[in-house]
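Those letters in the sequence shown? Residues 1 to 38, per UniProt numbering, in order.
Glycine is no exception: its CB is placed at the ideal position from the N, C-alpha and C atoms.
If you're wondering where the values come from, they're calculated on a predicted model, not measured in any experiment.
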Amino acid sequence: MTALLASIPLQLIAYELAVRKGINPDVPRNLAKAVTVD
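In structure tokens:
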């Protein structure tokens, strides 16, 4: 349970860092290479 609660602030920090760098967190890089759609 502790790990779950700790992951929430870490995700918010990662989101904030992405926004400050000008990276859209909703469009991950290299996703098309890793996922194949049938």
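Asked                                                                       : Found
Rounded straight-line distance, which links the Cα of Met1 to that of Val19 : 28 Å
Alpha-carbon spacing of Pro25 relative to Tyr15, whole angstroms            : 7 Å
Backbone CA spacing between Leu10 and Asn30 [nearest angstrom]              : 22 Å
Secondary structure of Arg20, DSSP reduced to three states                  : helix
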